[in-house]
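Notes to accompany the following structure.
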């Protein structure tokens, strides 16, 4: 049986959806047809879909010291394409059933960086790789006091080994421009902060 989803103008007809793998993540195979911009329906196509929990990313920012807190950890996705697969990132975590993105941001900041967030500023939400994944990321900047922040963090039972960095904003921006921050959440958060930093400092100070 096929299902149709979409607006009145553009439609997707799902012919079949097969569960190919179920583990911590999941993989589905879909046979579908969708509307064409020139009109009518296109041919049936097959697509694999990586089914993931939605995620939260939060960049802790200290408006008094004009510093950001970044975490560094090994990432298997960078293993084959980076000489150094330890990446600089914002704090991040997956949203469990019944959790709000805000609750995840506060929890993960404490677990991954030892940071107690005082407030959150929503930046945006987006699909990081919609060509093959249904994950949606909720991105925040979080107000914090960076004094005394640093060291090693993470939950051993989750295999986390995290090093925390406190960086002056200008230093972090230069690191991004040099390619040290090379993941979407970091780049979006730092560019947003570059555009909105003065407003944020006025509100949060």
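Numbering (the UniProt record's numbering), first residue to last: 1 to 205.
Virtual Cβ for every residue (Gly too), placed ideally from N, Cα, C.
This one's a predicted model, so the numbers in the text were calculated from it and none came from an experiment.
- Sorting 159, 179, 195 by C-alpha distance to the C-alpha of residue 76 places 159 at the top.
- Counting along the chain, residue 186 sits inside the alpha helix (DSSP H) bounded by residues 184 to 204.
- If you look at residue 18, you'll find it in the beta strand (DSSP E) that goes 11 to 22.
- Residue 52 places its beta carbon less than 7 Å from that of residue 135.
- By the C-beta density criterion, residue 122 is exposed, having fewer than 16 other C-beta atoms within 10 angstroms.
- Restricting attention to beta strand (DSSP E) runs no shorter than 3 residues, the UniProt domain "Nudix hydrolase" (51 to 189) encloses them at 55 to 62, 67 to 74, 86 to 89, 91 to 94, 119 to 126, 137 to 143, 151 to 153, 162 to 168, ordered along the chain.
- Contact between residue 146 and residue 67 holds, with the beta-carbon distance rounding to 5 Å and staying under 8 Å.
- Counting along the chain, residue 31 sits inside the beta strand (DSSP E) bounded by residues 26 to 34.
- Under the three-pair Cβ rule at 8 Å, the segment 26 to 40 counts as touching the segment 10 to 18.
- With a cutoff of 7 Å on beta-carbon distance, residue 35 and residue 59 are scored as not near each other.
- Contact check for residue 154 against residue 161 passes: the beta carbons are separated by less than 7 Å.
- Of the residues 38, 49, 45, 37, the one whose Cα lies closest to the Cα of residue 22 is 49.
- Nearest neighbour of residue 84 by Cα position, chosen from 194, 192, 182, turns out to be 182.
- Here residue 47 carries a strand assignment [DSSP, helix/strand/coil].
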